[in-house]
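Q: Submitted below is the structure of interest, expressed as structure tokens.
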Amino acid sequence: MSTTDDIKKGLAGVIADSTAISKVNPETNSLLYRGYPVQDLAANLSFEAVAMLLWTGELPTDDELGAFTEYERSHRQLDPAVKNAIDLLPETCHPMDTARTAVSVMGARHPQAGDSDPDTELAKAQELFARFPAIVAYDQRRRRGLEPVEPRGDLTYAENFLWMVFGDEEHLAPPVVEAFEVSMVLYAEHSFNASTFTARVITSTLADLHSAVTGAIGALKGPLHGGANEAVMYTFDEIGVDRNESREQAAARAKAWMEDALAAKKKVMGFGHRVYKNGDSRVPTMKGALDAMVEHYERPELLGLYDGLEAAMDEAKSIKPNLDYPAGPTYHLMGFDTQMFTPLFIASRITGWTAHIMEQRANNSLIRPLAAYNGADQRAL
Ligand code: ACO
442 MSTTDDIKKG
452 LAGVIADSTA
462 ISKVNPETNS
472 LLYRGYPVQD
482 LAANLSFEAV
492 AMLLWTGELP
502 TDDELGAFTE
512 YERSHRQLDP
522 AVKNAIDLLP
532 ETCHPMDTAR
542 TAVSVMGARH
552 PQAGDSDPDT
562 ELAKAQELFA
572 RFPAIVAYDQ
582 RRRRGLEPVE
592 PRGDLTYAEN
602 FLWMVFGDEE
612 HLAPPVVEAF
622 EVSMVLYAEH
632 SFNASTFTAR
642 VITSTLADLH
652 SAVTGAIGAL
662 KGPLHGGANE
672 AVMYTFDEIG
682 VDRNESREQA
692 AARAKAWMED
702 ALAAKKKVMG
712 FGHRVYKNGD
722 SRVPTMKGAL
732 DAMVEHYERP
742 ELLGLYDGLE
752 AAMDEAKSIK
762 PNLDYPAGPT
772 YHLMGFDTQM
782 FTPLFIASRI
792 TGWTAHIMEQ
802 RANNSLIRPL
812 AAYNGADQRA
822 L
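Each residue of the sequence shown is one higher than the one before, starting from 442 at the first, in our numbering.
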């Protein structure tokens, strides 16, 4: 019989299964995708190549990457039925609700919805990868009262994503595209995090891939997981972003804000991690991307806020930033609405989720833990 002594609250420390997709090593603060350090992948490979690595286990050959690139570029259009479904949603709903609904509609309309042989599953993953940016772009533009922008076949995944959202050449400047692509690579995969585990639980019941991704989006929405990247920007807004301030002045204000927040026992989003206790392996690379954006857009005061919060949290609790901390202000500088940050996380994590869905399906066992009952003893009616 299960007792309360057996409980691993939040499944902390529980090894639920094995995976060959990524290795998180908190002792060395390292993250490997299929054996390759994530920072090396971010520095040297396109997001398209990293996606293929996650799905297949190996780096693609030039021919394989060429064929996938051609496929991706020719599958960027959104199904008009998905657009119609989005149009039915109020603009007051969160963009994560739009994303969750759109993926669900894509699944409902998929001609091979119920097929789950490995080839069909990979094809579904690749189609989601190719079409998802159009969902984010369509939603971002409709919220600004703008017409959709058609995808461009001469652009890479990252360039075209920015093109469909902003529809201008400024966002195709190399530093912007590089920072965006780095974020896509870093967000792609992170072992049994809450949303990936959700996708695996759903897959373990033999449900279809789109159901698993739809559920994963729900899990990602919360501020303890993906929603933290937007929450970081709300913290910056609460402290107040003042473009006329120096980096040092902004840092001093941020430090004071953090001291008050911690004294009031607030949880500050963008800090802490269930697995990494000495720093998130992805932060140095993402911070490099943020630095490049701050320089590109000449906004040093944002780094001041970043420095001040980080220093005060470290002094008070030795808690380090996680990936969402540098990612939030990076997306802000690029011009995304704050609410769109977590859907960007989806665009990236679709790769990791679908790789895990395929891995779960290949060696399935229903995921069904036990509970220690702590309700009323048996009693008569
Ligand atoms: N701000 C203030 N205190 C914190 C924070 C934080 N962000 N994170 C942890 N702590 C404190 C807790 O209050 C607790 O202190 P106590 O022992 O005095 O009560 C201690 O550190 C342990 O925290 P837990 O929440 O128990 O640690 P856990 O491993 O369960 O949580 C989590 C990890 C959920 C990520 C947590 O650090 C948190 O809530 N962070 C903010 C949300 C966030 O940034 N999420 C993004 C995760 S990364 C990603 O999705 C890419």
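Think of the CB as a built atom: it goes at the ideal place given N, C-alpha and C, for glycine as much as any other residue. Keep in mind the model is a prediction, meaning the values are calculated, not measured.
Quick check: is any heavy atom of ligand 1 less than 7 Å from the C-beta of phenylalanine 712?
A: yes
Q: Just tell me which of Val735, Gly769 and Pro552 has its CA closest to the CA of alanine 669.
A: Gly769
Q: Using a threshold of 7 Å, is the CB atom of glycine 764 nearer than that to any non-hydrogen atom of ligand 1?
A: Residue identity check: residue 764 is leucine in the sequence provided, not glycine. Remark: the shortest separation between the CB of leucine 764 and any heavy atom of ligand 1 falls under 7 Å.
Q: Under the three-state reduction of DSSP, which class applies to lysine 708: helix, strand or coil?
A: coil
Q: Take glutamate 742 as the anchor and find which of Gln690, Glu600, Phe786 and Ala817 has the nearest alpha-carbon.
A: Gln690
Q: Report the three-state DSSP secondary structure of tyrosine 675 (helix, strand or coil).
A: Helix, per DSSP.
Q: Identify, in the order they occur along the chain, each residue of the same chain with its Cβ nearer than 7 Å to the Cβ of glutamine 780, setting aside the five sequence neighbours on each side.
A: His535, Pro536 and Glu671
Q: If you measure between the beta carbons of isoleucine 462 and glutamate 800, is that distance less than 8 Å?
A: yes
Q: To the nearest angstrom, report how far apart tyrosine 598 and aspartate 765 are at their CA atoms.
A: 22 Å
Q: Check each candidate in Thr460, Thr444, Thr469 and Asp446 and name the one with the smallest Cα separation from lysine 718.
A: Thr469
Q: Let me know the secondary structure DSSP gives serine 471 once reduced to three states.
A: strand
Q: At 3 residues or longer, and completely inside the segment 609-684: list those beta strand (DSSP E) runs for me, N to C.
A: none
Q: Excluding the 5 residues preceding and the 5 following tryptophan 794 in the sequence, name in chain order all residues of the same chain whose CB lies nearer than 8 Å to its CB.
A: Ser636, Thr637, Ala640, Ala653, Val654 and Ala657
Q: Would you say glycine 793 touches ligand 1, meaning its beta carbon is less than 7 Å from a heavy atom?
A: no
Q: If you drop the 5 nearest sequence neighbours on each side, which residues of the same chain put their C-beta closer than 8 Å to that of asparagine 805?
A: Thr644, Ser645 and Leu647
Q: Please confirm whether any heavy atom of ligand 1 lies closer than 7 Å to the CB of isoleucine 658.
A: Flag unset: Cβ of isoleucine 658 not near ligand 1.
Q: Give a single yes or no on whether glycine 608 has its beta carbon closer than 7 Å to a heavy atom of ligand 1.
A: Glycine 608 Cβ: outside cutoff for every heavy atom of ligand 1.
Q: Count the other CB atoms, across all protein chains shown, that sit within 10 Å of the CB of asparagine 485; report buried if there are 16 or more and exposed otherwise.
A: Counting Cβ neighbours within 10 Å, asparagine 485 comes out exposed, since fewer than 16 surround it.
Q: Check whether the Cβ atoms of arginine 715 and alanine 457 sit closer than 8 Å, and answer yes or no.
A: no
Q: What's the C-alpha gap between glycine 663 and arginine 593?
A: 33 Å
Q: Which residue wins for smallest C-alpha separation from alanine 825, given the options Lys706, Leu495 and Val544?
A: Look at the range of the chain in this structure, 442 to 822, and you will see that residue 825 is not part of it.
Q: For the segment 543-590, which segments carrying the alpha helix (DSSP H) assignment without a break, of at least 4 residues, lie completely within its bounds, in sequence order?
A: 559-584
Q: Select from Gly776, Leu569 and Asp595 the residue whose C-alpha is nearest the C-alpha of methionine 674.
A: Gly776
Q: As an exercise, report each continuous alpha helix (DSSP H) stretch of at least 4 residues that is fully enclosed by the segment 713-762, in chain order.
A: 724-738 and 741-758
Q: Where arginine 802 and alanine 508 are concerned, what is the direct C-alpha to C-alpha distance, given to the nearest angstrom?
A: 26 Å
Q: Classify aspartate 446 as buried or exposed, calling it buried when 16 or more other Cβ atoms lie within 10 Å of its own Cβ.
A: exposed
Q: In its own chain, which residues sit with a C-beta less than 8 Å from the C-beta of lysine 848, not counting the 5 before and 5 after it?
A: The first residue shown for the chain is 442 and the last is 822, placing residue 848 beyond what the model contains.
Q: My guess is that arginine 584 and glutamate 532 are in contact by the Cβ rule of under 8 Å, so how many angstroms apart are they, rounded?
A: 5 Å
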